[in-house]
Every structure is written in C-alpha cells, then in structure tokens.
Amino acid sequence: MKRLKNIAIVANINKSGVRKAVEDSLRLVHQQGGVCFLEEKLKGICPGAGEFLPLQGLVCRADAIFTFGGDGTILFAARFAGPSGIPLLGVNLGSLGFLTQIGPAQLGEVLPRVLEGNYQLDRRMAIEITCKDRSFFALNEVVIEKGSSPQVITVQLWTEEEPVGTYIADGLIISTPTGSTAHSLAAGGPILHPQAKALVVTPISPHSLAVRPLVFPDQTLFTVKVSTERSQARVVADGQIECRVRSGEQIQVKKAPHTVSLIDLGRHCFYDLLSSRFKWGI
Numbered sequence: 062m063k064r065l066k067n068i069a070i071v072a073n074i075n076k077s078g079v080r081k082a083v084e085d086s087l088r089l090v091h092q093q094g095g096v097c098f099l100e101e102k103l104k105g106i107c108p109g110a111g112e113f114l115p116l117q118g119l120v121c122r123a124d125a126i127f128t129f130g131g132d133g134t135i136l137f138a139a140r141f142a143g144p145s146g147i148p149l150l151g152v153n154l155g156s157l158g159f160l161t162q163i164g165p166a167q168l169g170e171v172l173p174r175v176l177e178g179n180y181q182l183d184r185r186m187a188i189e190i191t192c193k194d195r196s197f198f199a200l201n202e203v204v205i206e207k208g209s210s211p212q213v214i215t216v217q218l219w220t221e222e223e224p225v226g227t228y229i230a231d232g233l234i235i236s237t238p239t240g241s242t243a244h245s246l247a248a249g250g251p252i253l254h255p256q257a258k259a260l261v262v263t264p265i266s267p268h269s270l271a272v273r274p275l276v277f278p279d280q281t282l283f284t285v286k287v288s289t290e291r292s293q294a295r296v297v298a299d300g301q302i303e304c305r306v307r308s309g310e311q312i313q314v315k316k317a318p319h320t321v322s323l324i325d326l327g328r329h330c331f332y333d334l335l336s337s338r339f340k341w342g343i
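So for the sequence shown, our numbering puts the first residue at 62; every next one is plus one.
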C-alpha cells in the first residue's frame, strides 16, 4: 500500500495515558521522516508538539489519521475521514476496542511498518442520513430514540414506497454490518460479518413480543416517520445527537456513496475478535 508521510493525530484527551501514547507516536513518525498534524484540542496536553488544526483541516493535510482512545474516537474521526478516503488506524486506550487495531505497547513495532506502507485497507460500509434538509454520515448506526422522555415513541418505517411497519418502542436502530456488534447487538440484533452487504433494523424495547430485528439488502432506501405528539424524538448518529424531530417529520437513511477505510494489520480475524472481546463460543 501507499507509504504514509503526513499523519493526523486525533485523541480523546480524557483517556488515561493519552499524552504518553501521542508523544511516543510523534517521536516514531518523526524518526521515519514523517510529519504530524494534531487536532487543536491536543494543544493543552501536548504544547509545542507540532501544528494544531481543526479536524476538517487535518483531513485536508493528512495521508492517514491515527486515533487514540476507544471505538468512539474512531467513529468521530470517520465522519470526516470517510468522504475523503483517508485511512484510519485506531490505538486503543479504552476497555473494549472492537475497531481499534493496537494498544500503546505495540506502537514501536507497528508504526514503522504502517508508515512504510506494509498494511491493507479494510473498507467498511457507512450510511448517509438526511434529516431536516441536511445530511450526515455514520459508520456504526443511526438511532431514532425517545431521548430523555419517559414515554415511548411511535415511528413508521418504509423501504422505498413499501410500508414495513409501525414501531411503538423506545427507539429504532438502523445499523451497518460494522455497527451490528454495537448498539444493535445490545438491543437484540444479529451479528453481521463486516463485509456483509446488508443493513439491520433493530427496535429498542418494543411494546410487542412479535416485533423482531430485520435484515435488509444494502441498497435499501429507508424512510422513517415519527408519529409522536407529546415529545420530540432524537436522531443520534454514532453517539452524536444530530437533530430533533417532531411528529410528522421524516428521516431518510441509505448506504453512503463512500466507504470508511480502516488500516488492517492482519493481526486478528473477525471471529478472533468475537471470541476475545465478547467471549463468543467460550
């Protein structure tokens, strides 16, 4: 693969050990003749470490983005990197790390190899969500949920012009194969292989035993209509609240025109991750 020279650094500054991990990475990149650009919020913990830019500015300058944190940090960076095709490498400073490839202890071994181009790309499906005349992207899922209200919401789901059903529930999740091991799984949805060409619709605590998750082809165009009179529903994409919708308003969800590229070091196959992270089959 392509040699990497210009590296963007994105980190969750609230994670323990983030400063040392970032500083170690800066040193290793510089030793290989690379250049680092840091997200501007890192200025407080790594002053003088290099050029600090907002995330959108990093995307314009970088050959790759290294993230330091957990899966949430990768999901945050993916929203900017995905449309540009910039690959992501996640360094896990959290507890689970299903998307992250390595921990801080492997930096010295892995970073020189990655910078030399010794890696593969794992291209993951993303989804595009349109709500109130604006569009945004998600790698894992979009959730239409009741928010802080104690009451359930009512949502109607269509595919193209065909009605699927009406859900009375705490919310509805539309997830990618990557997201099938996240919120959707916790709500009772199936696990999909990351390269499956499918999308999953999973209700959250539905008021009917007959309502179950459904798997759809990846080319499906979903329309979700909120029919909740007493409160607003929230639209949350990869953990970020994007908008609030009232009764009668619609959200559209479809496969995004781009994929998200994750740097793959060939260290773990998908089934190894299921076993190590979820104790699958043990």
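Even for Gly, the Cβ is constructed at its ideal location relative to N, Cα and C.
Beta-carbon proximity list for residue i, same chain, < 8 Å, skipping 5 on both sides
i	result
G169	D85 and L89
A230	V213, I214, V216, P264, I265, S266, P267, H268 and V272
G208	S292, Q293, A294, R295 and R305
K81	P165
K63	D124 and G178
Residues near residue i in its chain [Cβ-Cβ closer than 6 Å; skip 5 each side]
i	result
L65	D124, A125 and L176
E290	S308
K258	D279
G164	N153
Q181	D325
Boundaries of the beta strand (DSSP E) in which residue i is found, first to last residue
i	result
P318	Q311 to D325
H188	Reading off the sequence shown, one finds Ile at residue 188, where the question assumed His. That run of the beta strand (DSSP E) goes Q181 to C192.
T134	Where T134 is concerned, there is no enclosing beta strand (DSSP E), although the alpha helix (DSSP H) it sits in stretches over D132 to A142.
G226	E223 to A230
G151	L149 to N153
C121	Here C121 belongs to no beta strand (DSSP E); instead the alpha helix (DSSP H) covers L116 to R122.
Distance cut-off 8 Å: residue i Cβ against heavy atoms of the ligand SAH
i	result
S337	For the ligand SAH, the structure offers nothing, since it holds no ligand at all.
Burial state of residue i, where buried means 16 or more other Cβ atoms lie within 10 Å
i	result
Y332	exposed
S242	With the sequence shown as reference, residue 242 is identified as Thr, and Ser is not the correct amino acid for it. So T242 counts as buried.
C97	buried
D183	buried
C192	buried
D194	exposed
S145	exposed
E222	exposed
A72	buried
T227	exposed
G94	exposed
S77	exposed
H91	exposed
Whole-number beta carbon distance between residue j and residue i, since they are thought to touch under 8 Å
i	j	result
M389	T220	A query on residue 389 cannot be resolved here, the shown segment of the chain reaching from 62 to 343 and no further.
V262	L275	5 Å
A166	A298	Actually they do not touch by this definition, with Cβ atoms about 32 Å apart.
Delimiting residues of the alpha helix (DSSP H) encompassing residue i
i	result
V83	V79 to Q92
R338	F331 to F339
Q301	No alpha helix (DSSP H) holds Q301; the beta strand (DSSP E) holding it covers Q301 to V306.
K292	The residue you asked about is not Lys; residue 292 is Ser in the sequence shown. Element bounds for S292: n/a, residue is neither H nor E.
Other residues of its chain near residue i: CB distance less than 7 Å, five sequence neighbours each side excluded
i	result
I135	T128, L149, G151, L160 and T161
(request) Would you check if there are 3 or more beta carbon pairs closer than 8 Å linking the region 128-148 to the region 333-340? (result) no
(request) State whether the region 100-111 contacts the region 148-158, with contact taken as three or more CB pairs (one from each stretch) at a distance under 8 Å. (result) no
(message) I'd like to know if the region 321-329 and the region 291-305 are in contact, where contact means that at least 3 CB-CB pairs between them fall below 8 Å.
(response) no
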